Amino acid sequence: MAELTEGYVRAVLPGAGWRVSEVRGSMRVTRLAERGEEAVAVKLIETPLAILSRLADLGVTPPILASGVHKEREYVVQRAVSGPHPDHDWFAANLPRWADLVGSYLNDEALRRLLLPGQGTWRLAVPDAVAMIDAQPAPTLAPLRDHELQVRLDRWRRQAAELARQTARPIHPDPHWHNYVIADGHPYLLDWDLVDLSDPLRDVGIQVWGFLPQPRWAEFLQRVGLTPGDAAEAAIHWWAAFKMIMNAWWNDRHGDESGAAFHADAFKLAVDRRPWLPRP
80 MAELTEGYVR
90 AVLPGAGWRV
100 SEVRGSMRVT
110 RLAERGEEAV
120 AVKLIETPLA
130 ILSRLADLGV
140 TPPILASGVH
150 KEREYVVQRA
160 VSGPHPDHDW
170 FAANLPRWAD
180 LVGSYLNDEA
190 LRRLLLPGQG
200 TWRLAVPDAV
210 AMIDAQPAPT
220 LAPLRDHELQ
230 VRLDRWRRQA
240 AELARQTARP
250 IHPDPHWHNY
260 VIADGHPYLL
270 DWDLVDLSDP
280 LRDVGIQVWG
290 FLPQPRWAEF
300 LQRVGLTPGD
310 AAEAAIHWWA
320 AFKMIMNAWW
330 NDRHGDESGA
340 AFHADAFKLA
350 VDRRPWLPRP
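Here the sequence shown is numbered in the numbering used here, starting from 80 and rising by one per residue.
What follows is the structure in structure tokens.
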């Protein structure tokens, strides 16, 4: 996608006097614009507007204030939100609110229908995830060439056969806590460029594995309408492992050895079906 320039932002916003700045980590497709007490985020989009509008209507993302096409590129203007990223303590203390936000998009039939016509790279069931890992080029960094990692990769592939197949639902493919913002007490989940239909435990799995002590996983699963139990916990660990090894491969492509080592260790932990967080 083309870079969002300051000139583009000024052209699509009404009036003058806007102070325009980059948004860290936005891949140069989002800019923050401020004028007095007004603050908006302008973003170039490829995801259909109807999908983004539905997420905003659900309260998962901030309200969309305007949208349009300028220089043959589609954009949205959203209310800018600022606040802290949640930590483990926040997730544990606010489990009902957090689970209700996740459940609102996971179980939304209107959003599911909007996503049905698409077929993105990230529309993954379990066999697709295995195929994606198998298609990765041979890694170059030492942490990913480790014998113990290869043993875990083989085990992870075998574990795939044990997993129950789930009906695809709307999911966020990267619900990292840095994509959450708590603004005025309300949690928002941002960065929906790759929203698609997938196994719901692919989304829920990495969240509960990474953010919540294992004794409370069942509470979260029930709150979002999924069935707790051994089968669900196996899928949670499996999808968490998938996310960790994909992150490790990304680190490898960018020459980040410390990041690759971190994610490789997390992958091993998930394949061994051990939780990320200790019991409280």
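For glycine and all other residues, C-beta sits at the position ideal for the given N, C-alpha and C. Please read these numbers as outputs of a predicted model, since none were measured by experiment.
Cα-Cα separation, Arg237 to Trp317: Across the structure, Arg237 and Trp317 are spaced so that their CA atoms are roughly 11 Å apart.
Unbroken beta strand (DSSP E) run spanning Leu268, endpoints: Here the beta strand (DSSP E) through Leu268 covers 265-268.
Cβ pair count under 8 Å reaching 3, the region 155-174 against the region 249-261: yes
DSSP-derived helix/strand/coil call for Gly147: strand
Cβ-based burial, Ala345 [other Cβ within 10 Å; buried from 16]: buried
Straight-line Cα distance separating Gly147 from Tyr360: No information on residue 360 is available, as it lies outside the stretch 80 to 359 that the chain covers here.
Stretch pair the region 301-309 + the region 319-339: three plus CB contacts closer than 8 Å: Contact between the region 301-309 and the region 319-339 is absent, because fewer than three Cβ pairs lie under 8 Å.
Residue of Asn330, Arg234, Asp253 minimising C-alpha distance to Ala349: Arg234
Spatial distance of Arg358 from Ala314 (CA atoms): Approximately 20 Å, taken between the alpha carbons.
Sequence ranges, beta strand (DSSP E) only - wholly within the region 105-129, length at least 3: 109-114, 117-123
Endpoints, beta strand (DSSP E) assigned at Val155: 152-158
Thr140 and Leu276 closer than 8 Å at C-beta: no
Proximity of Glu125 and Asp253 at Cβ, strictly below 8 Å: Taking a C-beta distance under 8 Å as the contact criterion, Glu125 and Asp253 do not qualify as a contact pair.
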